[in-house]
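Residue numbers (our numbering), protein chains in the order written: chain A, 1 to 129; chain B, 1 to 134; chain C, 1 to 291. We put the beta carbon where it would ideally sit given N, CA and C, even for glycine. I have placed the structure first, in the form of structure tokens, so that the comments after it can refer back to it.
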Amino acid sequence: MDRIPILKLGNALLVTIQVDMHDRLATALQEDLTEKIVSARARGVLIDISALEIVDSFIGRMLDHIAAISRMLDAETVVVGMRPAVAITLVELGLSLSGVKTALNVERGMELIKRRLDETEVADGDDDE
Amino acid sequence: MATTTSDRMEVRSSDDVVRVRQQVRARAVEVGLSLVDQTKIVTAASELARNMLDYGGGGVTTIEVVSDGMRRGLRLVFEDTGPGIADIELALKDGFTSGSGLGLGLGGAKRLCNEFSIDSKPGEGTRIVCARWK
Amino acid sequence: MTTRSHASLFATILSEHGPQILSAWSDRLKSTGALASGRLREAELQTQCRTVLELLSTAIAGGLDAASPNYGPLRDVLADVSRSRAVQGFTPSETATFVFSLKQPLFEAVSAAEAGDPSTVARAVQDITQLIDALGLYTIEVFQKSREETIIRQQREIAELSTPVVKLWDGILALPLIGTLDSQRTQVVMENLLESIVAQTAEIAIIDITGVPTVDTLTAQHLLKTVSAARLMGADCIISGIRPQIAQTMVHLGVELNVVSKATLADAFALALKRVGRTVVAVKARELPAG
Chain A
1 MDRIPILKLG NALLVTIQVD MHDRLATALQ EDLTEKIVSA RARGVLIDIS
51 ALEIVDSFIG RMLDHIAAIS RMLDAETVVV GMRPAVAITL VELGLSLSGV
101 KTALNVERGM ELIKRRLDET EVADGDDDE
Chain B
1 MATTTSDRME VRSSDDVVRV RQQVRARAVE VGLSLVDQTK IVTAASELAR
51 NMLDYGGGGV TTIEVVSDGM RRGLRLVFED TGPGIADIEL ALKDGFTSGS
101 GLGLGLGGAK RLCNEFSIDS KPGEGTRIVC ARWK
Chain C
1 MTTRSHASLF ATILSEHGPQ ILSAWSDRLK STGALASGRL REAELQTQCR
51 TVLELLSTAI AGGLDAASPN YGPLRDVLAD VSRSRAVQGF TPSETATFVF
101 SLKQPLFEAV SAAEAGDPST VARAVQDITQ LIDALGLYTI EVFQKSREET
151 IIRQQREIAE LSTPVVKLWD GILALPLIGT LDSQRTQVVM ENLLESIVAQ
201 TAEIAIIDIT GVPTVDTLTA QHLLKTVSAA RLMGADCIIS GIRPQIAQTM
251 VHLGVELNVV SKATLADAFA LALKRVGRTV VAVKARELPA G
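Following this line, the structure appears as structure tokens:
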């Protein structure tokens, strides 16, 4: 069975979802990510869904679960790049993904994770803006 | 109301759900639905097809391009011969689920369509018709 | 005499006296000013009349019920005529007159053909009246519908025109809403806003509703949905300029307002700048070269 690749970027993991996922693939991704967060000692997970044309309740739930699981494993999940039409539809569907952090693109998502690490790991010197 | 094209698709596995989504998308583009409306009807189709698979033991989806003279639209019919829905009103409420899901399926799908109707007899099956107009 | 044989009587009259009826009809139309406005050319009118008469004589052989399937092709043609009249700017009565003015020529043809039988003529006149009335009303209905479509399309266009999304700063957008927000317009506005958020990679969008006198429940819901949708995309919304009455509507909705709200657009902008790590300071506070 094909699987969605998970890349390591510093202390974060990056998943780019580019296919119209069937449900088993989504479940497999959830399992793979959980493993990888621990084995790679990741502190953040970026899920890029900018290529996804729809997010239904199944995928929405998967994102929620990944966020909840990673939080327990001390990693922050950020879902990035959700398209406007997808966002409007999800809201209409009744899913707010309130446990999931979001960002406009991978770069912003990465900043969000870094900022969080800076906050928790305290005093690493001041960065200039 | 006139039907221009009609596709009949079996839904027996989660791969079939993906195929239904893709076909609904193709037809929605053909009808000329806006991007947001396309996304809504494809998402509704995904919810309803999966529902049929998970709770109705699979079934048949019919995708129809329809017109009522003034406007065009997409009508989807989902039919299964599963256990049926005992209390439709309850099943449409958010949060209701007979499975492990979040229970947004039916009510959510209804909100994504312009028209939505359920016909179900316990023990005989369920037929859901929904439509999105241009 | 039954309706059925009336139908065949009409069919015979139409096929035998077709040309006379056609010319009497188009004369009537011209005398009532169908061509006066110059929006319709004579040749076009002639073609329309001829087509309608041909289809009528085919349809009428099968009965007198204008809603029956054998009148389908005729209804389609009348619908086309009606829609083009609507587009050309004719009034509903001018459009209906096109069909109604066929009555008189038909009456005349029937009276001439059945001159010796007044009771047949009387019944025939009644039937023709009913049939033509039904077709005429159908024409008006289609006319009305296509007008409505035009209005809806224009409303949509106006909605798009009247909702500019402006960039206030890098990453900060503002959407100043003015006028009544119905749910249709709100939807268009919101889609525009979300698209702009992507296009400009804006982290913060300010929705300013100072210029909105009132919102209904549905619109308030749309606003809230937009804020949720923007959050899903990774952007925050600030709503500014909420009037007291609107605040009441929103609270009445019973929705937990997880929305940041500021009294004025200026306040919202200041907050947005702070969020993106900027601040506005008075020039005096900086070290300026003297002079």
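Legend entry - Cβ neighbour criterion (16 or more within 10 Å) applied to K40 (chain B): Indexing the second sequence from 1 puts residue 40 (chain B) at position 40. Classification of K40 (chain B): buried, given that the 10 Å Cβ count is 16 or more.
Legend entry - Residue range of the unbroken beta strand (DSSP E) whose run includes T4 (chain B): Here residue 4 (chain B) refers to the residue found at position 4 of the second sequence. 2-11 is the span of the beta strand (DSSP E), which, as asked, contains T4 (chain B).
Inset, instruction - Give the range of the beta strand (DSSP E) segment to which C130 (chain B) is assigned. - result: Position 130 of the second sequence, counted from the first residue, corresponds to residue 130 (chain B). Counting along the chain, C130 (chain B) sits inside the beta strand (DSSP E) bounded by residues 125-133.
Legend entry - Assumed close pair L56 (chain C), L45 (chain C) - CB separation to whole angstroms, cut-off 8 angstroms: By one-based count along the third sequence, residue 56 (chain C) stands at place 56. By one-based count along the third sequence, residue 45 (chain C) stands at place 45. Separation of the CB atoms of L56 (chain C) and L45 (chain C) is rounded to 16 angstroms, and the pair is thereby denied contact status at 8 angstroms.
Inset, instruction - Look at the alpha carbon of L76 (chain B) and the alpha carbon of R8 (chain B), and state the distance between them as a whole number of angstroms. - result: Sequence index remark: in the second sequence, residue 76 (chain B) carries index 76 (1-based). Sequence index remark: in the second sequence, residue 8 (chain B) carries index 8 (1-based). So the two alpha carbons sit approximately 10 angstroms from each other.
Inset, instruction - Determine the contact status of L181 (chain C) and V215 (chain C), defining contact as a CB-CB distance below 7 angstroms. - result: Within the third sequence, residue 181 (chain C) is the residue found at index 181, counting from 1. Within the third sequence, residue 215 (chain C) is the residue found at index 215, counting from 1. The beta carbons of L181 (chain C) and V215 (chain C) sit closer together than 7 angstroms.
Legend entry - Collapsed DSSP secondary structure at R83 (chain C) in the structure displayed: In the third sequence, the residue the question calls residue 83 (chain C) occupies position 83. It is helical.
Inset, instruction - Specify, as a first and last residue, the run of the alpha helix (DSSP H) that A68 (chain A) falls within. - result: Taking the first residue of the first sequence as 1, we reach residue 68 (chain A) at position 68. Residues 57-72.
Legend entry - N- and C-terminal bounds of the alpha helix (DSSP H) containing I88 (chain A): By 1-based counting over the first sequence, the position of residue 88 (chain A) is 88. Boundaries of the alpha helix (DSSP H) harbouring I88 (chain A): 84-93, taken from the DSSP string.
Legend entry - At least 3 beta-carbon pairs within less than 8 angstroms: the region 129-148 of chain C vs the region 35-50 of chain C: A contact is defined here as three or more CB-CB pairs under 8 angstroms, and the region 129-148 of chain C fails this definition with respect to the region 35-50 of chain C.
Inset, instruction - Flag this pair as yes or no: are the beta carbons of A49 (chain B) and V11 (chain B) separated by less than 7 angstroms? - result: Within the second sequence, numbered from 1, the residue matching residue 49 (chain B) stands at position 49. Within the second sequence, numbered from 1, the residue matching residue 11 (chain B) stands at position 11. Contact flag set, yes.
Legend entry - Three-state secondary structure assigned by DSSP to C237 (chain C): In the third sequence, counting from the first residue as 1, residue 237 (chain C) sits at position 237. C237 (chain C) falls in the strand class under three-state DSSP.
Inset, instruction - Please state if the CB of G59 (chain B) and the CB of D37 (chain B) are separated by a distance shorter than 7 angstroms. - result: Your numbering for residue 37 (chain B) matches position 37 in the second sequence. Your numbering for residue 59 (chain B) matches position 59 in the second sequence. The criterion of a C-beta distance shorter than 7 angstroms is not satisfied by D37 (chain B) and G59 (chain B).
Inset, instruction - Any chance you could list the beta strand (DSSP E) runs of at least 3 consecutive residues sitting entirely within the region 25-107 of chain B, in chain order? - result: With a minimum length of 3 residues, the continuous beta strand (DSSP E) runs that stay inside the region 25-107 of chain B are 59-67, 72-80.
Legend entry - Proximity test, Cβ basis, 7 angstroms: V280 (chain C) and chain A: One-based indexing of the third sequence puts residue 280 (chain C) at position 280. No, its Cβ sits nowhere closer than 7 angstroms to a Cβ of chain A.
Inset, instruction - Could you spell out where the alpha helix (DSSP H) holding G109 (chain A) opens and where it closes? - result: Start at 1 with the first residue of the first sequence, and residue 109 (chain A) comes out as number 109. 106-120 is the extent of the alpha helix (DSSP H) around G109 (chain A).
Legend entry - Backbone CA spacing between I209 (chain C) and R72 (chain B) [nearest angstrom]: Indexing the third sequence from 1 puts residue 209 (chain C) at position 209. Indexing the second sequence from 1 puts residue 72 (chain B) at position 72. Rounded to the nearest whole angstrom, the CA to CA distance from I209 (chain C) to R72 (chain B) is 35 angstroms.
Legend entry - Residues of its chain near D236 (chain C), where Cβ-Cβ distance is below 8 angstroms and the 5 sequence neighbours each way are ignored: The residue labelled residue 236 (chain C) in the question sits at position 236 within the third sequence. Cβ neighbours of D236 (chain C) beyond the five flanking positions: E203, I204, A205, A230, V260, R275.
Legend entry - CB of G136 (chain C) within 7 angstroms of CB of A109 (chain C), strictly: Taking the third sequence and counting its residues from 1, the one referred to as residue 136 (chain C) is at position 136. Taking the third sequence and counting its residues from 1, the one referred to as residue 109 (chain C) is at position 109. Against a cut-off of 7 angstroms, the Cβ pair of A109 (chain C) and G136 (chain C) comes out as no contact.
Legend entry - Listed by chain order, chain B residues near A85 (chain A) by CB distance under 7 angstroms: By 1-based counting over the first sequence, the position of residue 85 (chain A) is 85. For A85 (chain A), the residues of chain B that pass the 7 angstroms Cβ criterion are L35, V36, T39, in the order they occur in the chain.
Legend entry - Amino acids of chain A, ordered along the chain, whose beta-carbon sits closer than 9 angstroms to that of S120 (chain B): Position 120 of the second sequence holds residue 120 (chain B). Per Cβ cutoff of 9 angstroms: no residues; S120 (chain B) is ~20 angstroms from chain A at best.
Legend entry - Option nearest E357 (chain C) by Cα separation, candidates B:A2, B:L74, B:G69, B:V20: With chain C represented from 1 up to 291, any question about residue 357 (chain C) goes unanswered, as that position is not in the structure.
Inset, instruction - Check T102 (chain A) in the structure and name its three-state DSSP category. - result: As a working mapping, residue 102 (chain A) is identified with position 102 in the first sequence. In the three-state scheme derived from DSSP, where H, G and I count as helix and E and B as strand, T102 (chain A) is classed as strand.
Inset, instruction - Compare the C-beta of L112 (chain B) against all C-beta atoms of chain F and say whether one is closer than 7 angstroms. - result: As a matter of chain content, chain F is missing from the structure shown, whose protein chains are A, B and C.
Inset, instruction - Identify whether E114 (chain C) lies in helix, strand or coil by the three-state DSSP scheme. - result: Along the third sequence, read from residue 1 onward, the residue named residue 114 (chain C) stands at position 114. Correct three-state label for E114 (chain C): coil.
Legend entry - As assigned by DSSP and simplified to three states, the class of D15 (chain B): Mapped onto the second sequence, residue 15 (chain B) falls at position 15. In the structure shown, D15 (chain B) sits in a helix (DSSP, three-state: H, G or I).
Legend entry - V227 (chain C), buried or exposed, once every other Cβ within 10 Å from all chains shown has been counted against 16: Locating residue 227 (chain C) in the third sequence gives position 227, counting from the first residue. So V227 (chain C) counts as buried.
Inset, instruction - Compare the C-beta of G1 (chain B) against all C-beta atoms of chain C and say whether one is closer than 7 angstroms. - result: As a first step, residue 1 (chain B) is located in the second sequence; it is residue number 1 there, counting from the start. A quick correction: the sequence has Met, not Gly, at residue 1 (chain B). No, its Cβ sits nowhere closer than 7 angstroms to a Cβ of chain C.
Inset, instruction - Check the Cβ of K145 (chain C) against every Cβ in chain B and list those closer than 8 angstroms, keeping chain order. - result: Here the question's residue 145 (chain C) lines up with position 145 in the third sequence. Within chain B, the residues near K145 (chain C) are M70.
Legend entry - Close beta carbons around V81 (chain C), own chain, < 6 angstroms, minus the five adjacent residues each side: Mapped onto the third sequence, residue 81 (chain C) falls at position 81. Apart from sequence neighbours up to five positions away, the residues of its chain that approach V81 (chain C) with a beta-carbon distance below 6 angstroms are Q48, ordered along the chain.
Legend entry - Pick from C:H17, C:L74, C:D65, C:E94 that is closest to T32 (chain C), judged by C-alpha positions: Start at 1 with the first residue of the third sequence, and residue 32 (chain C) comes out as number 32. Restricting attention to C:H17, C:L74, C:D65, C:E94, the CA atom closest to the CA of T32 (chain C) is found in C:E94.
Inset, instruction - Kindly indicate which three-state DSSP category V19 (chain A) falls into: helix, strand or coil? - result: In the first sequence, counting from the first residue as 1, residue 19 (chain A) sits at position 19. Coil.
Inset, instruction - Quick one: list the residues of chain A neighbouring A229 (chain C), beta-carbon separation under 8 angstroms, in chain order. - result: By 1-based counting over the third sequence, the position of residue 229 (chain C) is 229. P84, A87, I88, L90, V91, listed in chain order.
Legend entry - Contact under 7 angstroms by Cβ, V18 (chain B) with I63 (chain B): Taking the second sequence and counting its residues from 1, one reaches residue 18 (chain B) at position 18. Taking the second sequence and counting its residues from 1, one reaches residue 63 (chain B) at position 63. No, the pair does not count as a contact, with Cβ atoms beyond the cut-off.
Legend entry - 7 angstroms Cβ cutoff met for I113 (chain A) and E53 (chain A): Stepping through the first sequence from its first residue, residue 113 (chain A) is reached at position 113. Stepping through the first sequence from its first residue, residue 53 (chain A) is reached at position 53. No, the Cβ-Cβ distance between I113 (chain A) and E53 (chain A) is not below 7 angstroms.
Legend entry - Residue nearest to L173 (chain C) in terms of C-alpha spacing, selected from C:L22, C:Q155, C:V198: The residue labelled residue 173 (chain C) in the question sits at position 173 within the third sequence. Nearest C-alpha to L173 (chain C): C:V198.
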